[in-house]
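Below is one structure, written out as structure tokens; the observations come after it.
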Amino acid sequence: QVQVVESGGGLVQPGGSLTLSCAATGFVFSFYPMNWHRRAPGKERELIASITTTGTRTNYADSVKGRFTISRDNAKNTVYLQMNSLKPEDTAVYYCQVGPPLGSWGQGTQVTVSP
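According to my numbering, the sequence shown is numbered sequentially starting from -13.
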């Protein structure tokens, strides 16, 4: 059974940093690309970062490019999202998703950026 569990969310001040983790089990982790999405209050869900199976290629939404870094550790079945220079507009629920064809989602973790 596929399980995807995000952790690491919380309250952080503007300009601060936070690292999210996503632990995935129930499938061969290294076979799948991984994605991070977020949904801000009152907005559509947004794909913000993707990483290939080996981690050699990454892609970012313009809204987070240069501030966020996606990485993965295939030995630990975990993908990370390092978030720096956080802004209030980064406040959202952050979701981890297994790439195609599985497409499984985690339950999300709340990130709040506020003074």
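Note that beta-carbon positions come from the ideal geometry of N, C-alpha and C, so glycine has one too.
Closest by C-alpha distance to residue 85, when choosing among 20, 56, 37, 74: One-based indexing of the sequence shown puts residue 85 at position 99. Ranked by how close their Cα comes to the Cα of residue 85, the residues 20, 56, 37, 74 have 20 in first place.
Host beta strand (DSSP E) of residue 83 (start-end): In the sequence shown, residue 83 corresponds to position 97, counting from 1. Start and end: 78 to 84.
Among the candidates 45, 79, 61, 92, whose CA atom is the shortest distance from the CA of residue 99? Here residue 99 corresponds to residue number 113 of the sequence shown, with the count starting at 1. The shortest C-alpha separation from residue 99 is found at 79.
Quick check on the DSSP output: the beta strand (DSSP E) that includes residue 67 runs from which residue to which? Translated into the one-based positions of the sequence shown, residue 67 becomes position 81. Where residue 67 is concerned, the enclosing beta strand (DSSP E) stretches over 64 to 69.
Beta-carbon contacts of residue 44 that lie in its chain and below 6 Å, excluding the five residues immediately before and after: Translated into positions along the sequence shown, residue 44 becomes position 58. For residue 44, where only same-chain residues beyond five positions count, the Cβ hits under 6 Å are 37, 56.
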